[in-house]
Structure formats: structure tokens, C-alpha cells
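Enquirer: Numbers in the working numbering are just positions in the sequence shown, counted from 1, shifted up by 38.
Note that beta-carbon positions come from the ideal geometry of N, C-alpha and C, so glycine has one too.
Please read these numbers as outputs of a predicted model, since none were measured by experiment.
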Amino acid sequence: MEPKTSDQESVRETFKEFLNSKGLRVTNQRLAIFDAAYADPDHFTAEDLLDRAREIDTTVSRATVYRALPLLTESSLIRQVDVGRDYKFYMANKNATTFQAQVICLDCDKIFEIDAPFMEWYGKTVADKLSLEVETQRLQVSAHCTELKAAGICERGGKKR
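1. Are the segment 113-121 and the segment 50-63 touching by the rule of at least three beta carbon pairs closer than 8 Å?
2. Do you know how far the Cα of Asn-66 is from the Cα of Ala-130?
3. Shortest alpha-carbon distance to Ala-77 belongs to which of Glu-93, Pro-155, Gln-46 and Arg-68?
4. What do you get for Asp-80, buried or exposed, if any count of 16 or more other CB atoms within 10 angstroms of its CB means buried?
5. In chain order, what are the residue ranges of uninterrupted beta strand (DSSP E) at least 3 long that sit wholly in the segment 88-167?
6. In the DSSP assignment, the alpha helix (DSSP H) including Gln-175 goes from what residue to what residue?
7. Who are Phe-56's beta bridge partners in DSSP?
8. Between Lys-60, Ile-94 and Asp-124, which has its C-alpha nearest Leu-110's C-alpha?
9. Closer than 8 Å by C-beta to Ala-181: which residues in its own chain qualify, once you throw out the five before and the five after it? Chain order, please.
10. Taking only the alpha-carbon atoms, compute the straight-line gap between Glu-40 and Leu-107 and give it to the nearest angstrom.
11. Pick from Lys-126, Gln-138 and Glu-173: whose alpha carbon is nearest that of Ala-152?
12. Between the Cα of Cys-146 and those of Ala-74, Phe-56 and Cys-183, spot the shortest distance and give me the residue it belongs to.
13. Just how far apart, CA to CA, sit Lys-167 and Phe-156?
14. Where do the ends of the alpha helix (DSSP H) carrying Phe-68 lie?
15. Ser-180: beta carbon under 7 Å from a heavy atom of the ligand SAM?
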């Protein structure tokens with residue numbers, strides 16, 4: 039696990055304040071889960087998070103991870119990404135200044151995030167025409183890897199045909 043940056047420390051303090059505002063204790067296990075989630079540069083599942091959090095604190099339980107994930111998403115420090123599987127993916131909310139769309143590779147299940155600032159405009163425009171307010175919106179594209187099809191190997195996902 040990499041050392042924490044000052045930005046991560048600041049966000050960690052925000053998480054502690056969020057827990058306090060909810061009347062919840064700031065525990066070593068919750069902080070280990072936060073640190074593991076926020077340090078991950080990619081999308082992760084609850085089980086991935088459990089493994090990473092246990093590298094920081096071996097006392098982290100599966101139940102604690104599953105109870106902490108709703109807190110992390112409610113705090114808006116981590117966001118949930120539903121790609122239509124029977125489990126969810128999560129990702130730390132870092133440096134996202136515009137709407138993010140997900141492109142899911144059907145060959146390796148890797149999720150790519152791309153800026154899609156037009157989606158904010160589109161959602162607001164459509165909602166305004168119907169006299170509604172946008173609560174949430176998402177754009178997901180599922181695709182096959184052309185590199186895997188052409189060369190038999192995908193460098194991004196590490197998959198071979």
C-alpha cells in the first residue's frame with residue numbers, strides 16, 4: 039500500500055467528520071476500509087476491498103466492509119457503479135470535475151471512465167422540458183476489445199484468446 043498523500047489525508051478527515059455527523063465511531067477498521075478504497079486507482083468490488091483492507095488491518099471483517107460501503111457512498115467519497123452484474127463495483131471520487139461515463143469491456147470486465155460533460159447538459163435539458171429535476175443519470179457503453187479480436191491479446195485487461 040502506498041503512503042498517504044496530503045490530499046488523501048484531507049479526504050480521510052472528511053470521512054471522519056462524516057462518521058461523527060452520523061453519530062458513528064471512527065474505528066481503525068473503518069479507516070482501513072476507507073484507506074484501501076481511496077488508494078485504489080481502479081474500480082473494485084466489495085471482495086477486492088476486503089482483501090486490500092486486510093492488508094492494512096487484519097481485523098477487518100467482511101461484515102464491516104459491507105456495512106462501510108453504504109457509508110462511503112453516502113459520504114460521496116466513493117461512488118457505486120452498477121454494470122448489470124449480480125455485484126456492484128466501486129471507485130473513489132477523485133478529481134472528477136465533469137460527468138463520467140463508463141465503458142465496460144465485455145472481454146475482460148475492465149471498466150474505463152471517460153469524461154462526458156455533454157451528459158450533464160443533456161440530462162438537464164430533457165428534464166427541464168418535462169418540468170423535472172435530475173436526481174441521477176448515467177451513461178454506460180458495453181463493448182468488445184478490438185485489440186483482443188485482432189491480435190489475440192489485450193494489453194489493458196491482460197487477457198488472451
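Expert: The relevant details are as follows:
1. Yes, the segment 113-121 touches the segment 50-63.
2. Between Ala-130 and Asn-66, the C-alpha separation is close to 19 Å.
3. It is Gln-46.
4. Result: exposed.
5. Qualifying beta strand (DSSP E) stretches, in chain order: 116-119, 127-130, 138-143 and 149-153.
6. Per DSSP, Gln-175 belongs to no alpha helix (DSSP H) and is neither H nor E.
7. Paired residue(s): none; Phe-56 is not in a bridge.
8. Its Cα nearest to that of Leu-110, the residue Lys-60 stands out among Lys-60, Ile-94 and Asp-124.
9. Around Ala-181: Val-141, Ile-142, Cys-143 and Leu-144.
10. Because the pLDDT at Glu-40 is just 49, under 50, the model does not fix this residue reliably, and the value given afterwards should be weighed accordingly. A direct Cα-Cα distance of roughly 21 Å separates Glu-40 from Leu-107.
11. Before going on, a small fix: residue 152 reads as Ile here, not Ala. Closest option to Ile-152, judged by alpha-carbon separation, among Lys-126, Gln-138 and Glu-173: Gln-138.
12. The closest CA to that of Cys-146, considering only Ala-74, Phe-56 and Cys-183, is found on Cys-183.
13. Lys-167 and Phe-156 have their C-alpha atoms roughly 17 Å apart.
14. Note that residue 68 is Arg in the sequence shown, not Phe. Under the DSSP assignment, Arg-68 falls in the alpha helix (DSSP H) whose first and last residues are 66-77.
15. Because no ligand of any kind appears in the structure shown, any question about the ligand SAM cannot be addressed here.
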